[in-house]
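So the structure is just underneath, and the comments pick up after that.
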Amino acid sequence: MKYNKEQLALINNKNPKVLVAANCGTGKTASLIGAVVQYRKEHLEERIDVITFTRAATSELRDKLALQHIYDVNISTIHVWSREHLKRLGDLYHFTVKILQEAEIKEILKGLIAKNTTKVKLEILYNVIMGNRKVEVSDNYMRAIDSLCRKYVKYKRANDLYDFTDYPLYLYNKLKQYGEKIYSTDALFVDELQDIDEEQYVLFELVEANKKFYIGDSKQAIYGFRGSCADIFEKFKDFDKETLINNYRSFQEIINYASTMYKYMENHLGSNNLIVSTVDYAEESDIVCMRGDGANVYVTNLFDITKDIINNVEVNTFKTATAFLKTKPMILCRTNKEVAAIQDLGWSDVSTIHQAKGLEYQNVILLDMGIKDKEDINIAYVGATRAEDNLMVIGFQQLFPIISKYQRDNLIIY
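Each residue of the sequence shown is one higher than the last, beginning at 2 in the working numbering.
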């Protein structure tokens with residue numbers, strides 16, 4: 002694998018604690034893999050644990066390390082890793098690890114649903130509880146589900162119960178109960194650091210490893226509903242802090258716009274009617290795009306005025322959006338309701354921003370969205386930075402009739 006100078010500096014960093022702020026598209030995964038490979042070459046006998054947050058990411062890392070002929074690294078999700086250490090602790094102190102099973106969880110949920118004002122389907126609630134938010138429901142329905150999720154967590158805590166999603170917390174509580182730490186991990190590498198919650202942070206603090214290498218992007222912290230800690234990067238005081246700023250994904254204009262939007266929104270949080278399309282200009286970003294210039298970026302405001310950000314001119318909204326649709330862009334939405342409505346038109350290249358995190362697309366239409374807090378800014382930023390070549394920001398109400406006419410005119414159902 003080829004690495005740039007800043008990546009090589011991280012890979013060869015001998016500091017026992019390294020924290021990397023990796024901006025979007027800067028080769029985060031490649032840098033993590035390089036650091037693991039280098040550490041393994043220098044420490045042949047040590048146990049290396051690599052923590053991810055999805056099974057897909059686990060498989061990706063395992064495959065890429067195999068290409069580097071590295072097969073003896075323990076790669077797992079935070080939950081599987083915690084379960085392994087919890088079992089070892091149970092064997093040591095002779096306690097049984099008790100995890101709620103599906104039938105037990107559903108029985109608890111039935112009781113919570115019965116007491117709830119808004120009724121929801123048990124199977125949908127159970128799937129969300131287990132981490133699957135890819136459910137096609139209305140926003141009001143999802144709010145009811147989120148409320149029940151919080152009640153379920155409160156019930157578990159009050160009754161000292163744990164399910165599969167609680168393995169990290171379960172492990173932390175048992176370590177504290179027995180005054181223990183984790184000594185069996187010699188080197189701990191953590192991917193997507195921005196997604197960890199408070200309990201996982203303190204759990205990692207109880208790992209007595211010779212090497213800790215954590216990498217992530219605070220601007221891509223979009224899982225607050227799961228309890229992720231928004232200021233996690235600020236908690237690591239004694240780490241050597243590094244940054245990756247060379248973007249390999251997008252043309253410079255896209256990153257310039259995304260960075261400008263992010264900065265503007267941060268400075269204007271709390272303002273009334275703050276939306277992405279408020280920002281219709283772009284300033285130079287600190288992130289350097291190795292592909293250089295070449296993108297088109299369009300922003301349509303609530304008054305149906307579309308601005309070509311690169312050339313600083315107004316353009317026709319209908320013609321511009323129609324031409325953009327011809328490139329078969331991925332349409333990224335804030336809500337499941339928007340996704341469902343666009344799919345009903347026969348347009349299959351559509352997704353929520355949460356589902357698109359970690360992915361990239363040649364051309365992206367980002368649906369305009371309201372900005373109420375820091376996580377909303379992060380969500381909009383993640384959506385915009387999925388684009389490689391071209392980006393358009395436009396409201397749902399403006400885009401919907403354009404897609405409808407485009408589909409009718411072209412008789413395309415795909």
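In this text, a Cβ means the ideal position worked out from N, Cα and C, and glycines have one as well.
Model, not experiment: these values are computed from the prediction.
Presumed contact (8 Å Cβ cut-off) between residue i and residue j, rounded CB distance
{"i": "Gln221", "j": "Gln195", "result": "6 Å"}
{"i": "His80", "j": "Phe165", "result": "6 Å"}
{"i": "Ala388", "j": "Ser286", "result": "The Cβ separation is near 14 Å, so there is no contact."}
{"i": "Ala159", "j": "Asp187", "result": "38 Å between Cβ atoms; not a contact."}
{"i": "Tyr263", "j": "Tyr382", "result": "5 Å"}
{"i": "Ile276", "j": "Thr386", "result": "Not quite, the Cβ-Cβ distance comes to about 18 Å (not below 8 Å), so this is no contact."}
Among the options, the one whose alpha carbon lies nearest that of residue i
{"i": "Ala322", "options": "Ser272, Leu346, His269 and Pro402", "result": "Pro402"}
{"i": "Asn28", "options": "Asp50, Asp410, Asn247 and Lys6", "result": "The residue asked about is misnamed: residue 28 is Gly in this sequence, not Asn. Considering only alpha carbons, the answer is Asn247."}
{"i": "Leu367", "options": "Val340, Lys99, Tyr40 and Gln253", "result": "Val340"}
{"i": "Pro169", "options": "Asn160, Tyr156, Ile183 and Ala159", "result": "Ile183"}
{"i": "Leu90", "options": "Ala159, Lys175 and Asn16", "result": "Lys175"}
{"i": "Leu326", "options": "Met393, Arg158 and Asp239", "result": "Met393"}
{"i": "Ala36", "options": "Gln8, Arg56, Thr53 and Asn24", "result": "Gln8"}
{"i": "Leu149", "options": "Phe304, Asn364 and Tyr127", "result": "Tyr127"}
{"i": "Gln398", "options": "Ile310, Phe319, Glu181 and Glu193", "result": "Phe319"}
{"i": "His86", "options": "Leu360, Tyr156, Leu207 and Gly26", "result": "Leu207"}
{"i": "Asn133", "options": "Glu361, Glu43, Thr55 and Leu333", "result": "Thr55"}
{"i": "Phe237", "options": "Asp377, Ile256, Ile197 and Asn5", "result": "Ile197"}
Same chain, Cβ closer than 6 Å to residue i, neighbours up to 5 away in sequence not counted
{"i": "Thr244", "result": "Ala22"}
{"i": "Leu45", "result": "none"}
{"i": "Glu284", "result": "Thr261"}
{"i": "Val19", "result": "Phe214 and Asp241"}
{"i": "Arg335", "result": "Met370"}
{"i": "Ile12", "result": "Gly35, Ala36 and Gln39"}
{"i": "Arg292", "result": "Phe252"}
Burial state of residue i (16 or more Cβ within 10 Å)
{"i": "Ser83", "result": "buried"}
{"i": "His95", "result": "exposed"}
{"i": "Val314", "result": "exposed"}
{"i": "Glu124", "result": "exposed"}
{"i": "Arg41", "result": "buried"}
{"i": "Ile306", "result": "exposed"}
{"i": "His70", "result": "exposed"}
{"i": "Glu103", "result": "exposed"}
{"i": "Asp140", "result": "exposed"}
{"i": "Phe234", "result": "buried"}
{"i": "Tyr179", "result": "exposed"}
Contacts around residue i, its chain only, beta-carbon distance under 7 Å, and the 5 residues preceding and following it disregarded
{"i": "Leu101", "result": "Leu162, Tyr163 and Asp164"}
Proximity test, residue i beta-carbon vs the ligand COA heavy atom, cut-off 7 Å
{"i": "Gly384", "result": "Among the components of this structure there are no ligands whatsoever, and the ligand COA is therefore not found."}
Own chain residues within Cβ distance below 8 Å of residue i, not counting five before or after
{"i": "Ile130", "result": "Ile106, Leu110, Cys150, Tyr153, Asp164 and Thr166"}
{"i": "Ile380", "result": "Ile223, Arg335, Ile354, His355 and Met370"}
{"i": "Ile310", "result": "Glu254, Tyr258, Asp281, Tyr282, Ala283, Val298, Tyr299 and Val300"}
{"i": "Asn24", "result": "Asp218, Lys220, Thr244, Leu245, Ile246, Asn248 and Ile288"}
{"i": "Asp192", "result": "Lys29, Thr30, Leu33, Val51, Ile52, Thr53, Phe54, Ala58, Leu62, Ile216 and Gly217"}
Would you be able to state if there are at least three C-beta pairs under 8 Å between the segment 297 to 307 and the segment 335 to 355? Verdict: no, contact absent.
Could you tell me whether the segment 264 to 280 touches the segment 45 to 65, where touching means 3 or more Cβ pairs closer than 8 Å? In short, these stretches do not touch, since the Cβ pair count stays below three.
Across the segment 136 to 148 and the segment 55 to 71, are there enough close Cβ pairs to call them in contact, namely three or more that are closer than 8 Å? Counting C-beta pairs with one atom in each stretch, the segment 136 to 148 and the segment 55 to 71 have fewer than three that are closer than 8 Å, which means they do not touch.
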